[in-house]
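Right, one structure below, let's go through it.
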Amino acid sequence: MLKLKGIAASQGISFAKAYVFVEPDLTVKEVKIEDVAAEIKRFEDAIEASKKELTIIKENALASLGADKAAVFEAHLLILDDPEFMGTVKTDIESKVINAEYAFKETSDMFISMFEAMDNEYMKERAADIRDVSKRILAHLLGVDLPNPSLIDEEVIVIAEDLTPSDTAQLNKKYVKGFATNIGGRTSHSAIMARSLEIPAVVGTSSITEDVKNGDILILDGLDGVVLVNPDEATTAEYKEKHAKFEAQKAEWAKLVTEKSVTKDGHEVILAANIGTPADLEGVKNNGGEAVGLYRTEFLYMGREQLPTEDEQFEAYKAVLEGMGDKPVVVRTLDIGGDKELPYLDLPKEMNPFLGFRAIRLCLEEKDLFRTQLRALLRASVYGKLCVMFPMIATVQEFRAAKALFLEEKEKLVAEGVAVSNDIELGIMVEIPSTAVIADIFAKEVDFFSIGTNDLIQYTMAADRMSEKVSYLYQPYNPAILRLVKNVIEASHKEGKWTGMCGEMAGDSLAIPLLLGMGLDEFSMSATSILQARSQIKNLTLDEMKELVEKAVMCATTEEVLALIEEYTK
Numbered sequence: 001m002l003k004l005k006g007i008a009a010s011q012g013i014s015f016a017k018a019y020v021f022v023e024p025d026l027t028v029k030e031v032k033i034e035d036v037a038a039e040i041k042r043f044e045d046a047i048e049a050s051k052k053e054l055t056i057i058k059e060n061a062l063a064s065l066g067a068d069k070a071a072v073f074e075a076h077l078l079i080l081d082d083p084e085f086m087g088t089v090k091t092d093i094e095s096k097v098i099n100a101e102y103a104f105k106e107t108s109d110m111f112i113s114m115f116e117a118m119d120n121e122y123m124k125e126r127a128a129d130i131r132d133v134s135k136r137i138l139a140h141l142l143g144v145d146l147p148n149p150s151l152i153d154e155e156v157i158v159i160a161e162d163l164t165p166s167d168t169a170q171l172n173k174k175y176v177k178g179f180a181t182n183i184g185g186r187t188s189h190s191a192i193m194a195r196s197l198e199i200p201a202v203v204g205t206s207s208i209t210e211d212v213k214n215g216d217i218l219i220l221d222g223l224d225g226v227v228l229v230n231p232d233e234a235t236t237a238e239y240k241e242k243h244a245k246f247e248a249q250k251a252e253w254a255k256l257v258t259e260k261s262v263t264k265d266g267h268e269v270i271l272a273a274n275i276g277t278p279a280d281l282e283g284v285k286n287n288g289g290e291a292v293g294l295y296r297t298e299f300l301y302m303g304r305e306q307l308p309t310e311d312e313q314f315e316a317y318k319a320v321l322e323g324m325g326d327k328p329v330v331v332r333t334l335d336i337g338g339d340k341e342l343p344y345l346d347l348p349k350e351m352n353p354f355l356g357f358r359a360i361r362l363c364l365e366e367k368d369l370f371r372t373q374l375r376a377l378l379r380a381s382v383y384g385k386l387c388v389m390f391p392m393i394a395t396v397q398e399f400r401a402a403k404a405l406f407l408e409e410k411e412k413l414v415a416e417g418v419a420v421s422n423d424i425e426l427g428i429m430v431e432i433p434s435t436a437v438i439a440d441i442f443a444k445e446v447d448f449f450s451i452g453t454n455d456l457i458q459y460t461m462a463a464d465r466m467s468e469k470v471s472y473l474y475q476p477y478n479p480a481i482l483r484l485v486k487n488v489i490e491a492s493h494k495e496g497k498w499t500g501m502c503g504e505m506a507g508d509s510l511a512i513p514l515l516l517g518m519g520l521d522e523f524s525m526s527a528t529s530i531l532q533a534r535s536q537i538k539n540l541t542l543d544e545m546k547e548l549v550e551k552a553v554m555c556a557t558t559e560e561v562l563a564l565i566e567e568y569t570k
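Residue numbers (full-length UniProt numbering): 1 to 570.
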């Protein structure tokens, strides 16, 4: 039995065999053949196998992700039926008397180069489709498995170097019982998505793709950040007992689903959920969410071939607003950049994309893209209680510019006779230290703040949250972070405004007592964390937490703060 330690990224314990999600070696060599007809038959069989796989993937994508995302797989199927492409391969096998994989690789490389050289952007994008299809055919010819989350049809624990947001979004929780990765942290997007999907996850193990092979039996402990490989019977029994206890605890929390979030001395707060798609609303309702504190709209833009239309966006925003009824929905405008890229947007390659051309900076430059999103939001606003939040705001001028575009589009829609709500709140995401420092100035102009601690911490501590080498500096409880958060909340309250928090810190059981004592109005977290947080808040007293905060901000180290929290909450 092997025990691997990582970071607990999503709670729960699961038992299943390993599905290793790594790219196989698709290197090919030229080999002279004797039976040309047999080689062509082998090539045709690889095409047929690829068609069957892509048909399944397309149907799964259609059911879970919608027609727009399924369209890419239709394009892949058309490539497999291209007589010029496939005919060239067969001709090469016959004329050069060479193996199918080498003939195919030569032909596909030629087509990819040809499409990439074209001036037309649409045609350039076809090169990516040919590359994807080529991998699939080569995998069949070489007799290796090409991993794809859409094809998983049995209970597994996915093992990977990392999972992109679009990879994670395609995981079917019916079959995927958890995942573990080499890299990442609690705030990486794959970890956040795991919590949204309500599947256990352990990240940052460093070596799991080397230590685990397909079919190994695994226990994944998302409570303590441990993965056990091929455990013995005694260990399996021990973890089954631990799993049963956790499920019993969850059943106790479930009794709070319709209750309000109130401290022992009667102070009420809002517990909201972070979501990525309208499909996440089920989890919000099942876990007693009192609002949507962060709707990440970038998932509308990802995993597709072109920008979503205004109508596509409108339907998604409308679905969430209608689904939440009279409860607030905070929609974050497009936050692309950093580790979230769109292949169809030709963004500059930067040395440090997290500090570069992203989020509101991109939207204020690409105004047509931004205006389309704002129009869709405004049209949807009559279907619920909409709050619009601009990300990555560094200066007051940026907020004013974004607000001006918003008001321009509102005026245009009203002139067109389109119904628009007059009760939309406009706020900003506080994730840049300079913004937190002058929160008192911003508070005079915005309707609300939402603190994005994932980035605020990494920017304040100058520590990349994706880097394991400096992970020790990712300190939510550092007195510097606490002072910034406290400053933002106090500044908003002085102006009669409210402050929420949509970073992972909001659902952290160690941070909740501090945030409560600072007067945070709304705690937005993964839906699966809400009931546990509500249970915790019911056992805390506001006055004691205020006292805790006053002492914590005067501490010198994170360790001193943690000792104080333990003292006040035991």
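Ideal Cβ placement from N, Cα and C applies to all residues, glycine included. Since the structure is predicted, the reported quantities are computational estimates derived from the model, not experimental observations.
Residue i classed as buried or exposed, judged by whether at least 16 other C-beta atoms fall within 10 angstroms
{"i": "Arg400", "result": "exposed"}
{"i": "Met110", "result": "exposed"}
{"i": "Leu163", "result": "buried"}
{"i": "Ser188", "result": "buried"}
{"i": "Ala254", "result": "exposed"}
{"i": "Gln249", "result": "exposed"}
{"i": "Thr528", "result": "buried"}
{"i": "Ala506", "result": "buried"}
{"i": "Asn352", "result": "exposed"}
{"i": "Gln397", "result": "exposed"}
{"i": "Lys177", "result": "buried"}
{"i": "Asp335", "result": "buried"}
Run of the beta strand (DSSP E) containing residue i, from where it starts to where it stops
{"i": "Tyr295", "result": "Val292 to Arg296"}
{"i": "Gly178", "result": "Val176 to Thr181"}
{"i": "Val205", "result": "Rather than Val, the amino acid found at residue 205 in this sequence is Thr. From DSSP, Thr205 is part of no beta strand (DSSP E); its letter is neither H nor E."}
{"i": "Ile275", "result": "Glu268 to Ile275"}
{"i": "Phe15", "result": "Ile13 to Phe21"}
{"i": "Asp221", "result": "Ile217 to Asp221"}
{"i": "Pro328", "result": "Pro328 to Arg332"}
Contacting residues, own chain, Cβ-Cβ under 6 Å from residue i (five flanking each side not counted)
{"i": "Met392", "result": "Ala359 and Ile360"}
{"i": "Thr558", "result": "Gln475, Tyr477 and Asn478"}
{"i": "Glu431", "result": "Gly452, Asp455 and Leu456"}
Same chain only: Cβ atoms within 8 Å of residue i, ignoring 5 sequence neighbours per side
{"i": "Asp447", "result": "Cys387, Glu425, Leu426, Gly427 and Lys497"}
{"i": "Asp464", "result": "Phe354, Gln458 and Val470"}
{"i": "Leu77", "result": "Lys51, Leu54, Thr55 and Lys58"}
{"i": "Met324", "result": "Leu281, Val284, Ala291, Val292, Gly384 and Lys385"}
{"i": "Gly288", "result": "Leu256, Val257, Thr258, Glu259, Leu271, Ile530, Leu531 and Arg534"}
Residues of its chain near residue i, where Cβ-Cβ distance is below 7 Å and the 5 sequence neighbours each way are ignored
{"i": "Val418", "result": "Arg379"}
{"i": "Ala117", "result": "none"}
{"i": "Leu80", "result": "Ile47, Ser50, Lys51 and Val133"}
{"i": "Ala316", "result": "Pro278 and Leu300"}
{"i": "Gly519", "result": "Ile489 and His493"}
{"i": "Asp508", "result": "Pro476"}
{"i": "His243", "result": "Ile13"}
{"i": "Arg332", "result": "Leu294, Tyr295, Arg296, Thr297, Met389, Pro391 and Met429"}
Residue interval of the alpha helix (DSSP H) (run including residue i)
{"i": "Pro433", "result": "Pro433 to Val437"}
{"i": "Thr499", "result": "It is not in any alpha helix (DSSP H) - Thr499 instead sits in the beta strand (DSSP E) that spans Trp498 to Met501."}
{"i": "Glu241", "result": "Glu233 to Ala254"}
Distance cut-off 6 Å: residue i Cβ against heavy atoms of the ligand MN
{"i": "Phe354", "result": "As far as ligands go, the structure on display features none, and thus does not contain the ligand MN."}
Inter-residue Cα distance where the pair is residue i and residue j
{"i": "Thr435", "j": "Leu362", "result": "18 Å"}
{"i": "Lys546", "j": "Lys486", "result": "11 Å"}
{"i": "Glu473", "j": "Pro433", "result": "It is Leu, not Glu, that sits at residue 473 in the sequence shown. Approximately 16 Å between the Cα atoms of the pair."}
{"i": "Leu307", "j": "Glu74", "result": "18 Å"}
{"i": "residue 582", "j": "Glu366", "result": "With the chain covering 1 to 570 only, the question about residue 582 has no answer from this structure."}
{"i": "Pro149", "j": "Tyr568", "result": "45 Å"}
{"i": "Glu445", "j": "Val72", "result": "43 Å"}
{"i": "Ser10", "j": "Ser535", "result": "18 Å"}
{"i": "Glu106", "j": "Gly204", "result": "38 Å"}
{"i": "Lys410", "j": "Ala511", "result": "39 Å"}
{"i": "Glu252", "j": "Lys551", "result": "33 Å"}
{"i": "Asp521", "j": "Glu495", "result": "14 Å"}
{"i": "Asp543", "j": "Asp440", "result": "24 Å"}
{"i": "Glu94", "j": "Gly87", "result": "11 Å"}
{"i": "Ser108", "j": "Glu84", "result": "11 Å"}
Given 8 Å, three or more beta-carbon pairs between the segment 486 to 503 and the segment 451 to 464: The segment 486 to 503 is in contact with the segment 451 to 464.
Given 8 Å, three or more beta-carbon pairs between the segment 82 to 100 and the segment 30 to 46: Touching, per the Cβ criterion.
Stretch pair the segment 28 to 38 + the segment 226 to 233: three plus CB contacts closer than 8 Å: No: fewer than three Cβ pairs fall under 8 Å.
Inter-stretch contact (C-beta, 8 Å, three-pair minimum) for the segment 17 to 29 and the segment 183 to 197: Segments in contact, no.
Touching by the beta-carbon criterion (3+ pairs, under 8 Å), the segment 305 to 314 and the segment 262 to 273: They do not touch, by the three-pair rule.
Segment contact flag, the segment 291 to 299 with the segment 315 to 333, C-beta cutoff 8 Å, min 3 pairs: Flag = yes, the segment 291 to 299 and the segment 315 to 333 touch.
The segment 211 to 227 touching the segment 5 to 25, judged by at least three CB pairs closer than 8 Å: Yes, the segment 211 to 227 touches the segment 5 to 25.
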